[in-house]
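Under UniProt numbering, the residue at position 26 of the sequence shown is numbered 26, and the numbers go up by one with no gaps.
Note that CB positions come from ideal geometry on N, CA and C, so glycine has one too.
Here the structure is a predicted model, which is why all the values come from computation and not from measurement.
All remarks here apply to the structure that follows.
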Amino acid sequence: MVLGLRVVRGPDWNLGNEDGGDGHLGTVVEDHGDVSVTVVWDMGSRTRCRAGKDGKCDLRILDNAPTGGTGKTGTVTGLRSYEEGLGDRNSAAVTWEKKQKTAKYRMGFEGKVDLKCKTDGEAPGYDYYKNHLPLLASWSSGQNTEVYAVW
């Protein structure tokens with residue numbers, strides 16, 4: 001399983017609003033090796049989800065990331081690679097309001113998320129076409145686990 005994948009609800013989602021509601025984004029932070037993963041949602045909760053377990057897919061892989069937004073204490077000014085050559089959207093640059101200083105934070109790099117979205121109505125979710133996104137599923141044979149996308 002690829003840690004750091006950005007995901008949204010999939011067709012077999014049955015976990016209520018653990019993700020903050022339909023359209024909210026999360027990051028895969030742990031692979032349990034049993035075709036299930038742990039996702040940390042941008043709203044702050046942590047959920048174990050099926051990625052092919054019992055033939056169910058709770059998640060879709062998001063193929064597009066938001067371009068930033070304003071929060072109470074800082075503004076996301078861009079998405080970038082946390083380390084050169086390791087993906088292009090696994091960290092966010094945030095400019096903090098009080099100090100006007102910009103810093104880089106992990107958003108999926110090595111399965112870690114450093115930022116949390118405030119829940120004061122500033123983050124209504126993200127618009128996307130559900131049926132255009134692949135499902136997050138795993139296939140395991142022995143010690144090798146492969147991630148594949150299912151349309």
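Problem - Selection from LYS112, LEU79, VAL76 that minimises the alpha carbon distance to VAL40 - result: LYS112
Problem - C-alpha gap between ILE61 and GLU97, whole angstroms - result: 32 Å
Exercise for the section: Can you give me the start and stop residues for the beta strand (DSSP E) that SER36 sits inside? Expected result: 36-41
Problem - Contacting residues, own chain, Cβ-Cβ under 8 Å from THR95 (five flanking each side not counted) - result: GLY74, THR75, THR77, LYS101, THR102
Practice task
Could you give the DSSP three-state label for GLY20: helix, strand or coil?
Solution key: coil
Problem - As assigned by DSSP and simplified to three states, the class of GLY111 - result: helix
Practice task
From the DSSP output, read off the bridge partner residues of LEU59.
Solution key: ARG9
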